[in-house]
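Last residue of the sequence shown: 144 (our numbering), numbering continuous. Cβ coordinates follow ideal geometry from the N, Cα and C atoms, glycine included. For clarity, every value in this text was computed on a predicted model and none was experimentally measured. Structure first, commentary second.
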Amino acid sequence: MRSITLFLVLFLSACAVKMNNGPLYSSYYRYEQSVSVDNLHKLQSDFFSSNLIKDLNVNESEITEQLLFKKYMFKQESHFEKINEKVGCLSINGFDNENMPISFNIKYIAENEHWLIEEIGVLFVNSIADFTDSAKCPSEYQN
């Protein structure tokens with residue numbers, strides 16, 4: 002009986018964790034798993050807003066590097082999202098390949114019934130104490 006109870010608790014916990022991945026994080030996860038330097042040009046409109054990419058030449062290495070910002074984060078620690086009608090913000094805390102803390106703050110907009118990246122903010126923070134504990138758009142940080 003205990004093993005059944007333990008199984009149910011673990012199962013329900015796993016389901017609860019999955020449901021915390023809202024639509025913005027799901028969009029980010031698809032981007033993270035799908036986009037590479039080899040297919041960026043083909044998939045750019047599936048993940049980035051027309052506003053963001055309209056004047057960009059994704060064949061330039063600097064632009065490609067910026068649109069492939071995902072590669073800066075080696076391990077994710079936590080994420081938060083907020084949505085206000087057709088605009089949303091996703092913050093992801095984690096670590097780079099040298100185990101230094103890093104945060105992504107991404108603004109999404111709803112375009113053609115999909116959440117697309119509108120702005121990207123990559124923050125190299127001093128310590129995990131500087132991780133955000135709520136979703137923030139890049140514009141919420143002062144330069």
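CA nearest to the CA of residue i, picked from the options
i    : options             : result
V1   : V126, E66, C138     : As shown, the chain starts at 2 and ends at 144. That puts residue 1 outside it, with no answer to give.
I118 : S46, E63, D39, V38  : S46
I129 : E78, E141, L44      : E78
C138 : E120, F132, V126    : E120
E141 : Y32, K108, D131     : K108
Y30  : S51, S92, N85, S135 : S92
Residue i - containing beta strand (DSSP E), residue span
i    : result
F81  : 76–85
Y109 : 102–112
Residues near residue i in its chain [Cβ-Cβ closer than 6 Å; skip 5 each side]
i    : result
L124 : S104
Y32  : F48
Chain-order list of residues whose beta-carbon lies under 8 Å from that of residue i (same chain, five-residue window excluded)
i    : result
N147 : This structure gives no information on residue 147, because the portion of the chain shown stretches from 2 to 144.
Bounding residues of the alpha helix (DSSP H) (the contiguous stretch that carries residue i)
i   : result
L68 : 62–68
F48 : 41–48
Inter-residue CB distance, residue i and residue j (contact presumed, cutoff 8 Å)
i    : j   : result
T133 : N94 : 7 Å
Own chain, CB closer than 7 Å to residue i, minus 5 neighbours either side, in chain order
i   : result
K83 : G89, C90, A136
I5  : For I5, the predicted structure reports a pLDDT of 48, less than 50, and the residue's modelled location is therefore unreliable. The matter cannot be settled from this model.
Do the segment 100–112 and the segment 69–81 touch if we need at least three Cβ pairs shorter than 8 Å? Touching, yes.
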